[in-house]
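Below is one structure, written out as structure tokens; comments come after it.
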Amino acid sequence: MMRGFFLPFIVAVALLPVLPTPEFWITLANYIGLYSIVALGLVLLTGIAGLTSFGQAAFVGLGAYSTAWLTTQFGLSPWLGLLAGLAVTAGAAFFIGAITMRLSGHFLPLGTIAWGLSLFFLFGNLEFLGKYEGLNGIPPISVFDLTLDSGRKIYFLIWLTVIAAVIAVQNLLNSRPGRAIRALKGGGVMAEAMGVNTAWMKIAIFVLAALLACISGWLYAHLQRAVNPTPFGLNAGIEYLFMAVVGGAGHVWGALLGATLLTLLKDQLQSLLPKLLGANGNFEIIVFGVMMVLLLQRARDGLWPYIRRWLPQEPNAVAPASAAALPMRARHAAGETVLQVDRARKEFGGLVAVNDMTFDVKSGEIMGLIGPNGAGKSTMFNLVTGVLPLTQGEIRFRAADRLQRIDGLASREIVRRGIARTFQHVRLIPTMSVLENAALGAHLRGTHGDIAGIAAGIARLNKTEEQSLLFEAKRQLERVGLGDMLYEEAGSLALGRQRILEIARALCCDPALLLLDEPAAGLRYREKQALAELLRKLKNEGMSILLVEHDMDFVMNLTDRLVVMEFGSRIAEGPPAAVRQNPAVLEAYLGGV
Ligand code: ADP
Ligand code: MG
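Quick look at the structure:
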């Protein structure tokens with residue numbers, strides 16, 4: 024966390040109501056706080072995990088209506104109203120999330136619009152919720168003997184909640200489940216390959232974002248002392264999303280910045296525009312719209328990155344000098360068959376990308392898979408790692424000392440059994456540090472379950488585990504020669520280095536079989552030699568490696584055996600020296616030299 028910034032922020036927040044600040048500004052600050060809490064959830068959901076939601080206002084409504092109903096109709100304490108609201112919201116969000124989080128592309132935002140509208144009309148049509156009139160006479164919140172019955176009093180509770188929420192989200196993001204959440208953006212293939220259950224993780228953060236919205240709604244109800252459906256409609260949902268995007272949806276502080284800017288701007292425009300235009304209407308919406316378009320063109324990441332440049336930078340996660348070692352998988356005995364690919368076939372429509380391929384990989388060997396561009400090598404990797412389903416055939420992997428079928432398993436189950444991979448087109452999180460990217464590979468070596476992990480991450484009860492994971496990441500990065508760039512942003516590395524970082528990440532999975540897709544592409548001669556050295560060292564430690572490569576010299580000196588593919592089929596197999604002389608290979612691969 025940016026300590027240099029956090030302290031002055033808290034002081035400013037604490038001083039505002041103590042100083043003779045006009046009532047009007049306190050009211051604005053209260054609303055900014057309420058909006059910030061919702062926008063924080065959207066930062067998590069939309070900015071960081073890439074799931075766009077227009078429907079957050081409906082969850083604010085659930086929080087507000089739950090407490091409004093229980094306190095006005097049954098005279099219950101607002102705190103019980105909060106608990107009930109959280110329970111109702113968690114249930115609703117889980118149910119809605121389980122249905123909509125599976126939707127991809129534009130179906131997800133459409134889905135969020137649909138539930139936003141339905142909950143809005145539900146509030147407006149239920150007799151016991153006062154229909155469109157709403158509920159009045161909501162009591163103020165009491166903390167011990169203190170009754171928060173004025174804006175200036177509830178201010179403290181609102182901003183305490185904002186600060187707690189900032190810390191909670193920040194803590195979560197800088198933990199094992201947080202890294203998994205940050206890996207969700209961009210389809211989740213990589214996250215699954217690291218063992219993350221992406222479907223479940225999406226639902227979990229969806230519920231979390233909804234709970235933040237619910238808390239905001241609870242505070243709102245007891246600030247306003249009345250609720251009606253209007254502030255929980257689709258308009259409000261869109262405004263919350265605006266806030267997150269304007270501030271910078273990828274950053275925790277972006278939520279606060281966006282909520283502040285839009286609230287102040289809206290307030291100014293609402294009094295200014297009608298005067299300028301000489302007519303009444305919600306003209307600020309038009310200005311917001313134009314702003315949004317400009318922002319998407321000029322500053323996709325929102326405004327926060329521009330401010331952050333002026334603040335002192337600290338890494339999110341720092342590797343400890345030492346930590347308890349993580350347990351390691353038992354290695355295979357030398358010479359055993361580790362991977363068995365048996366007439367594996369993959370068709371894309373009419374194209375047979377992998378045509379009944381059969382080969383195996385023995386323990387402790389480096390096996391090369393070569394062939395011209397488009398031969399089907401990467402597709403073969405995707406079949407072995409469960410990214411793509413087989414059309415036909417079987418793939419087996421040795422686990423618990425016998426060959427077991429792994430075709431049909433999800434990626435995350437395959438990596439759990441000990442097959443780790445890199446990608447031909449690197450899949451890193453460019454804004455995350457080299458260290459954290461590597462640590463993502465150690466996801467399955469953490470011990471907390473998914474929900475316990477999220478709770479522990481939020482409350483910082485994961486120190487020992489974090490230290491071990493980060494230490495392991497550092498160790499693997501040092502092993503591959505990236506030890507002196509732990510805290511650089513992964514996206515700032517040269518492409519060759521990014522590939523090496525992917526190897527370190529894969530090593531963090533503690534694999535028994537390593538699948539490397541063109542690891543030497545983009546490396547300089549010296550770096551290639553260092554990579555070959557590293558792979559030999561891994562082999563000597565008992566690792567089995569399957570390597571796709573283009574550079575003939577690189578595979579010739581490194582591999583024990585080669586399989587050559589052309590148009591999806593195996594055309595040769597054997598020791599590199601023999602394959603090199605094979606006429607079919609010369610014809611196909613080298614163009615008949
Ligand atoms: P290589 O890695 O050997 O260069 P690939 O496995 O990437 O080859 O591709 C093999 C063939 O399969 C190519 O013709 C490619 O266009 C096709 N292909 C790969 N992935 C897909 C996909 N998801 N959908 C359709 N065709 C694909
Ligand atoms: Mg390829």
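In our numbering, the protein residues as written are 24 to 616.
Glycine residues also receive a C-beta, built at the ideal position from the N, C-alpha and C atoms.
Note that the structure is predicted; figures quoted are calculated from it, not measured.
Less than 9 Å separating the beta-carbons of Gly84 and Phe265?
-> By 1-based counting over the sequence shown, the position of residue 84 is 61. By 1-based counting over the sequence shown, the position of residue 265 is 242. Against a cut-off of 9 Å, the Cβ pair of Phe265 and Gly84 comes out as no contact.
Applying the criterion that 16 or more other CB atoms from any shown protein chain within 10 Å of the CB defines a buried residue, is Val34 buried or exposed?
-> Indexing the sequence shown from 1 puts residue 34 at position 11. Result: exposed.
Exposure label - Ser515; buried when at least 16 CB within 10 Å | Walking along the sequence shown from the start, residue 515 turns up at place 492. Exposed, because fewer than 16 other Cβ atoms sit within 10 Å of the Cβ of Ser515.
Who are the Cβ neighbours of Ser89 in its own chain at under 7 Å, not counting the five residues just before and after it?
-> Looking up residue 89 in the sequence shown gives position 66. Hits under 7 Å: Gly104, Ala107, Gly108, Val111.
Identify which residue in Thr408, Leu195, Glu556, Asp574 has its Cα closest to the Cα of Gly545.
-> Translated into positions along the sequence shown, residue 545 becomes position 522. Checked all of Thr408, Leu195, Glu556, Asp574; the closest Cα to Gly545 is Asp574.
Helix, strand or coil: how does DSSP classify Val41 here?
-> As a working note, residue 41 is residue 18 in the sequence shown. Three-state result, Val41: coil.
Ordered along the chain, which non-local residues of its own chain (more than five positions away) have a Cβ less than 8 Å from that of Thr381?
-> In the sequence shown, the residue the question calls residue 381 occupies position 358. Cβ within range, chain order: Val364, Asp365, Arg366, Ala367, Arg593.
Leu318 versus Val268 - alpha carbon distance = On the sequence shown, residue 318 is found 295 positions in, with the first residue counted as 1. On the sequence shown, residue 268 is found 245 positions in, with the first residue counted as 1. Computed Cα separation, rounded: 9 Å.
Are there 16 or more other CB atoms within 10 angstroms of the CB of Ala600, so buried, or fewer, so exposed?
-> Taking the sequence shown and counting its residues from 1, the one referred to as residue 600 is at position 577. Exposure of Ala600 is indicated by the presence of fewer than 16 other C-beta atoms within 10 angstroms of its C-beta.
What does the shell around ligand 2 hold, if a residue joins when its beta-carbon is under 7 Å from any heavy atom?
-> Residue list for ligand 2: Lys400, Ser401, Gln447, Asp540, Glu541, Val571 (CB closer than 7 Å to any heavy atom, chain order).
So which of Val361, Val212, Gly464, Tyr263 has the shortest CA-CA distance to Arg428?
-> Your numbering for residue 428 matches position 405 in the sequence shown. Taking the Cα of Arg428 as reference, the smallest distance to any Cα among Val361, Val212, Gly464, Tyr263 is reached at Val361.
What residue range is occupied by the uninterrupted beta strand (DSSP E) comprising Met483?
-> For this step, residue 483 is matched to residue 460 along the sequence shown. Sequence inspection shows Arg at residue 483; the Met mentioned does not correspond to that position. From DSSP, Arg483 is part of no beta strand (DSSP E); its letter is neither H nor E.
Within 8 Å: the Cβ of Met380 and any heavy atom of ligand 1?
-> For this step, residue 380 is matched to residue 357 along the sequence shown. No, ligand 1 has no heavy atom inside 8 Å of this Cβ.
In three-state terms, what does DSSP make of Ala443?
-> Here residue 443 refers to the residue found at position 420 of the sequence shown. In the structure shown, the three-state DSSP call for Ala443 is strand.
Between which two residues does the alpha helix (DSSP H) carrying Arg125 extend?
-> As a first step, residue 125 is located in the sequence shown; it is residue number 102 there, counting from the start. It is not in any alpha helix (DSSP H) - Arg125 carries neither H nor E in the DSSP assignment.
For Phe189, which residues of its own chain have a beta-carbon under 6 Å away from its beta-carbon, when the five flanking residues on both sides are left out?
-> Within the sequence shown, residue 189 is the residue found at index 166, counting from 1. For clarity, residue 189 is Val in the given sequence; the question names Phe instead. Closer than 6 Å at the Cβ level, and outside the excluded window around Val189, lie Val275.
Relative to ligand 1, is the shortest distance from any of its heavy atoms to the C-beta of Asn396 smaller than 8 Å?
-> The residue labelled residue 396 in the question sits at position 373 within the sequence shown. Within the cutoff, so yes.
Specify whether the region 139-151 and the region 201-215 touch according to this definition: at least 3 beta carbon pairs, one from each stretch, less than 8 Å apart.
-> Because the criterion of three Cβ pairs below 8 Å is not met, the region 139-151 and the region 201-215 do not touch.
Roughly how many angstroms lie between the CA atoms of Val13 and Met224, to the nearest whole one?
-> This structure leaves residue 13 out entirely; the chain is present only between 24 and 616.
Return helix, strand or coil for Glu337, following the three-state DSSP convention.
-> Stepping through the sequence shown from its first residue, residue 337 is reached at position 314. Looking at Glu337 - three-state DSSP - the assignment turns out to be coil, as it is neither helix nor strand.
Closer than 8 Å: is that where the CB of Gly118 sits relative to any heavy atom of ligand 1?
-> On the sequence shown, residue 118 is found 95 positions in, with the first residue counted as 1. According to the sequence as given, residue 118 is Phe; it is not Gly. Phe118 Cβ: outside cutoff for every heavy atom of ligand 1.
Does DSSP classify Val268 as helix, strand or coil?
-> As a first step, residue 268 must be located in the sequence shown, where it is residue number 245. Reduced to three states, the DSSP call for Val268 is helix.
Best match in Leu558, Ala462, Ala116, Val61 for proximity to Val230 [C-alpha to C-alpha] = Residue numbering aside, residue 230 sits at position 207 when the sequence shown is read from its first letter. Nearest option by C-alpha distance: Ala116.
Return helix, strand or coil for Phe144, following the three-state DSSP convention.
-> As a position in the sequence shown, residue 144 is number 121, starting the count at 1. Helix, per DSSP.
Boundaries (first-last residue) of the beta strand (DSSP E) holding Asn580 | By 1-based counting over the sequence shown, the position of residue 580 is 557. For Asn580, no beta strand (DSSP E) run applies; the uninterrupted alpha helix (DSSP H) run containing it begins and ends at 575-581, by DSSP.
Among all the DSSP beta bridges, which residues are the ones paired with Leu426?
-> Against the sequence shown, residue 426 aligns to sequence position 403. Note: Leu426 sits in a beta bridge opposite Arg421.
Of all the alpha helix (DSSP H) runs that stay within the bounds of the region 375-417, which reach a length of 4 or more residues?
-> Qualifying alpha helix (DSSP H) stretches, in chain order: 400-407.
Can you tell me whether Glu488 is buried or exposed, with buried defined as 16 or more other CB within 10 angstroms of its CB?
-> Here residue 488 refers to the residue found at position 465 of the sequence shown. Answer is buried; the Cβ neighbour count reaches 16.
Following the continuous alpha helix (DSSP H) through Ala595, name the residue where it begins and the one where it ends.
-> Position 572 of the sequence shown holds residue 595. Looking at the DSSP string, Ala595 is not in any alpha helix (DSSP H); the run it does join, the beta strand (DSSP E), is 592-597.
Have a look at the DSSP bridge pairing and note the partners of Asp365.
-> Counting from 1 along the sequence shown, the entry for residue 365 is found at position 342. According to DSSP, residue pairing for Asp365 in a beta bridge involves Glu417.
Three-state class that DSSP yields for Met455 in the structure shown | Position 432 of the sequence shown, counting from 1, holds the residue named residue 455. It is coil, neither helix nor strand.
Does the Cβ of Leu53 have 16 or more other Cβ atoms within 10 Å, making it buried, or fewer, making it exposed?
-> Within the sequence shown, the letter at position 30 stands for residue 53. In the sequence as presented, Leu is not what sits at residue 53; that position holds Asn. With 16 or more other Cβ atoms within 10 Å, it is buried.
Using a threshold of 9 Å, state whether the C-beta atoms of Tyr243 and Leu57 are closer than that.
-> Your numbering for residue 243 matches position 220 in the sequence shown. Your numbering for residue 57 matches position 34 in the sequence shown. Their beta carbons are under 9 Å apart, which means Tyr243 touches Leu57 by this criterion.
If you draw a straight line from the C-alpha of Leu300 to the C-alpha of Met315, how long is it?
-> On the sequence shown, position 277 is the one that residue 300 refers to. On the sequence shown, position 292 is the one that residue 315 refers to. Each residue's Cα considered, the two are about 22 Å apart.
Coarse secondary structure for Met566, derived from DSSP in three states | Looking up residue 566 in the sequence shown gives position 543. In this structure, Met566 counts as coil in the three-state DSSP scheme.
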